[in-house]
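Note that our numbering has the sequence shown beginning at 1, numbered continuously upward.
Notes follow once the structure below has been shown.
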Amino acid sequence: MASELKPIRTRKDYEAALAEVERLWGAKSGTPRGDRLDILATLIEAYEAKHYPMDPPDPIEAILFRMEQQGLSRKDLEPMIGARNRVAEVLNRKRGLSIEMIRQLHKKLGISAEVLIRPTGHKEAA
(Lines of atoms letter the chains of each structure in order from A and count residues from 1; the text may use other names and numbers.)
(Lines give C-alpha, C1' and ligand atoms only; values in the text may rest on other atoms or scores of the structure.)
Protein backbone atom coordinates (compact mmCIF):
# COMPACT_ATOMS: atom_id res chain seq x y z
CA MET A 1 0.00 0.00 0.00
CA ALA A 2 1.25 3.51 -0.81
CA SER A 3 2.39 5.72 2.02
CA GLU A 4 0.09 8.35 3.47
CA LEU A 5 0.05 11.67 1.61
CA LYS A 6 1.48 14.57 3.56
CA PRO A 7 2.65 18.11 2.82
CA ILE A 8 5.99 18.50 1.06
CA ARG A 9 8.21 20.33 3.54
CA THR A 10 11.78 19.42 2.61
CA ARG A 11 13.88 18.87 -0.49
CA LYS A 12 13.86 15.13 0.36
CA ASP A 13 10.02 15.11 0.50
CA TYR A 14 9.97 16.97 -2.84
CA GLU A 15 12.29 14.48 -4.54
CA ALA A 16 10.30 11.53 -3.18
CA ALA A 17 7.06 13.08 -4.48
CA LEU A 18 8.62 13.62 -7.92
CA ALA A 19 9.77 9.99 -8.00
CA GLU A 20 6.30 8.78 -7.06
CA VAL A 21 4.70 10.98 -9.75
CA GLU A 22 7.03 9.33 -12.25
CA ARG A 23 5.84 5.89 -11.11
CA LEU A 24 2.18 6.95 -11.28
CA TRP A 25 2.46 8.84 -14.57
CA GLY A 26 -0.27 7.79 -16.99
CA ALA A 27 -2.60 6.55 -14.26
CA LYS A 28 -6.23 6.77 -15.33
CA SER A 29 -8.17 9.74 -13.92
CA GLY A 30 -10.78 8.79 -11.31
CA THR A 31 -8.89 5.70 -10.13
CA PRO A 32 -7.09 5.55 -6.77
CA ARG A 33 -3.72 5.83 -8.60
CA GLY A 34 -5.04 8.70 -10.72
CA ASP A 35 -6.36 10.53 -7.64
CA ARG A 36 -3.02 10.08 -5.89
CA LEU A 37 -1.24 11.47 -8.95
CA ASP A 38 -3.53 14.54 -8.96
CA ILE A 39 -2.98 15.18 -5.24
CA LEU A 40 0.80 14.78 -5.56
CA ALA A 41 0.86 17.16 -8.52
CA THR A 42 -1.00 19.76 -6.42
CA LEU A 43 1.40 19.31 -3.49
CA ILE A 44 4.44 19.59 -5.81
CA GLU A 45 3.00 22.72 -7.43
CA ALA A 46 2.51 24.35 -4.01
CA TYR A 47 6.08 23.47 -2.94
CA GLU A 48 7.55 24.80 -6.21
CA ALA A 49 5.55 28.04 -6.01
CA LYS A 50 6.97 28.67 -2.53
CA HIS A 51 10.57 27.55 -3.14
CA TYR A 52 11.09 28.32 -6.83
CA PRO A 53 8.91 31.35 -7.60
CA MET A 54 8.97 32.56 -11.18
CA ASP A 55 9.42 36.23 -11.92
CA PRO A 56 6.62 37.83 -13.88
CA PRO A 57 7.51 38.36 -17.55
CA ASP A 58 9.15 41.50 -18.86
CA PRO A 59 6.45 44.02 -19.93
CA ILE A 60 7.66 44.23 -23.54
CA GLU A 61 7.84 40.42 -23.80
CA ALA A 62 4.27 40.26 -22.44
CA ILE A 63 3.07 42.80 -25.04
CA LEU A 64 4.84 40.96 -27.88
CA PHE A 65 3.42 37.63 -26.70
CA ARG A 66 -0.12 39.03 -26.58
CA MET A 67 0.33 40.59 -30.05
CA GLU A 68 1.37 37.19 -31.39
CA GLN A 69 -1.53 35.44 -29.63
CA GLN A 70 -4.09 37.86 -31.04
CA GLY A 71 -2.48 38.39 -34.45
CA LEU A 72 -1.97 42.11 -33.78
CA SER A 73 0.36 44.43 -35.65
CA ARG A 74 2.27 47.41 -34.30
CA LYS A 75 -0.41 49.60 -35.88
CA ASP A 76 -3.01 47.90 -33.64
CA LEU A 77 -1.09 49.23 -30.61
CA GLU A 78 -1.32 52.87 -31.70
CA PRO A 79 -4.63 53.56 -29.90
CA MET A 80 -3.06 52.25 -26.67
CA ILE A 81 0.50 53.61 -26.94
CA GLY A 82 0.46 56.49 -29.42
CA ALA A 83 1.81 57.29 -32.87
CA ARG A 84 3.83 54.75 -34.85
CA ASN A 85 7.19 56.15 -33.71
CA ARG A 86 6.06 55.96 -30.05
CA VAL A 87 5.06 52.30 -30.50
CA ALA A 88 8.47 51.59 -32.07
CA GLU A 89 10.30 53.34 -29.21
CA VAL A 90 8.38 51.36 -26.59
CA LEU A 91 8.80 47.97 -28.32
CA ASN A 92 12.50 48.68 -28.93
CA ARG A 93 12.87 49.53 -25.22
CA LYS A 94 13.93 53.11 -25.90
CA ARG A 95 10.92 54.54 -24.04
CA GLY A 96 9.18 53.28 -20.93
CA LEU A 97 5.46 52.76 -20.57
CA SER A 98 3.48 55.68 -19.14
CA ILE A 99 0.68 55.14 -16.64
CA GLU A 100 -1.88 55.87 -19.40
CA MET A 101 -0.23 53.34 -21.74
CA ILE A 102 -0.31 50.75 -18.94
CA ARG A 103 -4.02 51.44 -18.33
CA GLN A 104 -4.84 51.10 -22.03
CA LEU A 105 -2.78 47.93 -22.54
CA HIS A 106 -4.32 46.38 -19.44
CA LYS A 107 -7.86 47.33 -20.48
CA LYS A 108 -7.62 46.42 -24.18
CA LEU A 109 -5.16 43.51 -24.19
CA GLY A 110 -5.87 42.10 -20.74
CA ILE A 111 -2.21 42.13 -19.68
CA SER A 112 -1.82 42.26 -15.92
CA ALA A 113 -1.00 45.75 -14.64
CA GLU A 114 1.47 44.06 -12.25
CA VAL A 115 3.43 42.83 -15.28
CA LEU A 116 3.21 46.13 -17.15
CA ILE A 117 4.56 48.27 -14.29
CA ARG A 118 7.77 46.25 -14.01
CA PRO A 119 10.96 47.85 -15.39
CA THR A 120 11.37 47.04 -19.09
CA GLY A 121 15.14 46.63 -19.14
CA HIS A 122 15.85 49.66 -21.35
CA LYS A 123 18.69 49.15 -23.78
CA GLU A 124 21.62 51.44 -23.07
CA ALA A 125 22.77 53.71 -25.88
CA ALA A 126 25.88 52.28 -27.52
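Just so you know, even glycine gets a beta-carbon here, dropped at the ideal spot from N, CA and C.
Which stretch, first to last residue, makes up the alpha helix (DSSP H) that contains residue i?
| i | result |
| --- | --- |
| aspartate 76 | 74-81 |
| lysine 12 | 11-24 |
| arginine 93 | Looking at the DSSP string, arginine 93 is not in any alpha helix (DSSP H), and its letter there is neither H nor E. |
Find the nearest neighbour of residue i within the set the options, judged by alpha-carbon distance.
| i | options | result |
| --- | --- | --- |
| arginine 23 | Lys12, Pro7, Arg9 and Ala41 | Ala41 |
At least three beta-carbon pairs within less than 8 Å, the segment 78-86 to the segment 100-110: The segment 78-86, when compared against the segment 100-110, does touch it at the 8 Å Cβ threshold.
Counting Cβ pairs, one atom from each stretch, are 3 or more of them under 8 Å apart for the segment 27-39 and the segment 85-98? At 8 Å Cβ cutoff, the stretches do not touch.
Taking 8 Å as the threshold, find out whether the segment 63-77 comes into contact with the segment 43-54 through three or more Cβ pairs. For the pair of segments examined, the segment 63-77 was found not to touch the segment 43-54: the number of CB pairs separated by less than 8 Å stays below three.
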